[in-house]
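A.B. asks: Numbering (this note's numbering), first residue to last: 200 to 486. Heads up, the beta-carbon is just placed ideally off N, CA and C, and yes, glycines get one too.
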């Protein structure tokens, strides 16, 4: 039996005041003094409850099987929303934070890491931040295979996985959630088969919207029925000023990661979600 565990995560926004931040991060001040940034309560929650604890649980579940990491982009905050930075982080600071954030991934069972380049606003343009962070990580762990691209299609132990940062909008209303994802997925399957002459991927992995989506489509193509899944993972970042506006005052936030067991090339669904949902409203009571 050939078994591998896929771990899907995205939108860490390292450098954001509410983004994923390792307590072991070591930065350098403008006066060339080393320091460790202090974690706020949200960052402590993200690091312990939504990142390192799930990774440890996944490692126990994987046992002796290899673990393949898929990171769907926006690992850093970039330079567009500077008012939401941790202190005044530089390009170098954010690259170092990403490197420290990814350190818990490196165990004996780690097989490879694949990184999707995210939004230009969050990587200083042209994927610069993610490429630099990848180089830092690769220097620290030269034996681990680390790939980076805007859009990838990987055969992972016989399971085809299509990964890119941008994907379908989750839905403008709760009763509409998943509709756009299913249309997007069906279209992606048909483009692969009808336009490119390729077998549709079994998993299409997207991110960007900081939300949890899992949809399945079965489609007849060329006389054969194909089944594919679209997965979008939530972020590892809190809601700052911009996000409150972009989500139109969402009352809750979902954070965490996703893991999928693949046996003999077949992904076992539903995936295992390691997520937490938090009501972010201020509760008040008056006489």
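Check this for me: beta carbons of residue 466 and residue 428, under 8 Å apart or not?
C.D. replies: Stepping through the chain shown from its first residue, residue 466 is reached at position 267. Stepping through the chain shown from its first residue, residue 428 is reached at position 229. Yes, Cβ-Cβ distance for residue 466 and residue 428 is below 8 Å.
A.B. asks: Quick check on residue 364: buried or exposed, where buried means 16 or more other Cβ atoms within 10 Å of its Cβ?
C.D. replies: Numbered from 1 along the chain shown, position 165 holds the residue referred to as residue 364. Residue 364 should be labelled buried.
A.B. asks: If you drop the 5 nearest sequence neighbours on each side, which residues of the same chain put their C-beta closer than 8 Å to that of residue 238?
C.D. replies: The sequence position of residue 238 within the chain shown is 39, counting from 1. So the list reads 220, 222, 246, once near-sequence residues are dropped.
A.B. asks: How would you label residue 362, buried or exposed, when you count the other beta carbons within 10 angstroms and need 16 or more for buried?
C.D. replies: Position 163 of the chain shown, counted from the first residue, corresponds to residue 362. Buried.
A.B. asks: Would you list the one or two residues that DSSP bridges to residue 259?
C.D. replies: For the purposes of this step, residue 259 is identified with residue 60 of the chain shown, where counting begins at 1. None, per the DSSP bridge assignment.
A.B. asks: Whole angstroms is fine: what's the gap from residue 367's alpha carbon to residue 409's?
C.D. replies: Here residue 367 corresponds to residue number 168 of the chain shown, with the count starting at 1. Here residue 409 corresponds to residue number 210 of the chain shown, with the count starting at 1. Distance between the alpha carbons of residue 367 and residue 409 is about 12 Å.
A.B. asks: Is residue 418 helix, strand or coil when you go by DSSP?
C.D. replies: As a first step, residue 418 must be located in the chain shown, where it is residue number 219. Residue 418: strand per DSSP, three-state reduction.
A.B. asks: Sort 200, 212, 227 by Cα distance to residue 276 and report the nearest one.
C.D. replies: As a first step, residue 276 is located in the chain shown; it is residue number 77 there, counting from the start. With distances taken between Cα atoms, residue 276 lies closest to 212.
A.B. asks: Out of 248, 266, 210, 233, point me to the one whose CA is closest to residue 202's CA.
C.D. replies: Stepping through the chain shown from its first residue, residue 202 is reached at position 3. Of the listed residues, the one whose Cα sits closest to residue 202 is 266.
A.B. asks: Since residue 473 and residue 456 are thought to touch, with beta carbons under 8 Å apart, how far apart are those beta carbons, to the nearest angstrom?
C.D. replies: Mapped onto the chain shown, residue 473 falls at position 274. Mapped onto the chain shown, residue 456 falls at position 257. Their Cβ separation, rounded to whole angstroms, is 5 Å, which keeps residue 473 and residue 456 in contact under 8 Å.
A.B. asks: Which residue from 404, 307, 333, 319 puts its Cα closest to that of residue 301?
C.D. replies: As a working note, residue 301 is residue 102 in the chain shown. When only C-alpha atoms are compared, the closest one is 333.
A.B. asks: Based on Cα-Cα distance, which residue from 294, 261, 260, 263 lies nearest to residue 273?
C.D. replies: Position 74 of the chain shown holds residue 273. Selected option, being the one with the closest Cα: 294.
A.B. asks: Cutting at 6 Å between CB atoms, please list the residues of its own chain near residue 413, excluding the five before and the five after it.
C.D. replies: Taking the chain shown and counting its residues from 1, one reaches residue 413 at position 214. So the list reads 430, once near-sequence residues are dropped.
A.B. asks: Take residue 271 as the anchor and find which of 352, 356, 388, 476 has the nearest alpha-carbon.
C.D. replies: For the purposes of this step, residue 271 is taken as residue 72 along the chain shown, with counting starting at 1. Out of 352, 356, 388, 476, 352 has the C-alpha closest to the C-alpha of residue 271.
A.B. asks: If you reduce the DSSP assignment to three classes, tell me which class residue 322 lands in.
C.D. replies: The sequence position of residue 322 within the chain shown is 123, counting from 1. The answer is coil: DSSP assigns residue 322 none of H, G, I, E or B.
A.B. asks: Give me the Cα-Cα distance between residue 241 and residue 437, rounded to the nearest whole angstrom.
C.D. replies: Translated into positions along the chain shown, residue 241 becomes position 42. Translated into positions along the chain shown, residue 437 becomes position 238. Near 7 Å, if we compare the C-alpha coordinates of residue 437 and residue 241.
A.B. asks: Quick one: what's residue 403 bridged to in DSSP?
C.D. replies: As a working note, residue 403 is residue 204 in the chain shown. In the DSSP output, where bridge partners are listed per residue, residue 403 has 361, 429.
A.B. asks: Taking residue 241 as part of the alpha helix (DSSP H), name the residues at either end of that continuous run.
C.D. replies: Within the chain shown, the letter at position 42 stands for residue 241. First-last of the alpha helix (DSSP H) with residue 241: 240-246.
A.B. asks: Give me whichever residues DSSP pairs with residue 451 in a beta bridge.
C.D. replies: Counting from one through the chain shown, the residue named residue 451 turns up at place 252. 478, per the DSSP bridge assignment.
A.B. asks: So what does DSSP say about residue 344, is it helix, strand or coil?
C.D. replies: Within the chain shown, numbered from 1, the residue matching residue 344 stands at position 145. Residue 344 falls in the strand class under three-state DSSP.
A.B. asks: Measure how close the beta-carbons of residue 464 and residue 356 come, nearest whole angstrom, since I'm counting them as under 8 Å.
C.D. replies: Within the chain shown, the letter at position 265 stands for residue 464. Within the chain shown, the letter at position 157 stands for residue 356. That belief holds up - the Cβ atoms of residue 464 and residue 356 are roughly 6 Å apart, short of 8 Å.
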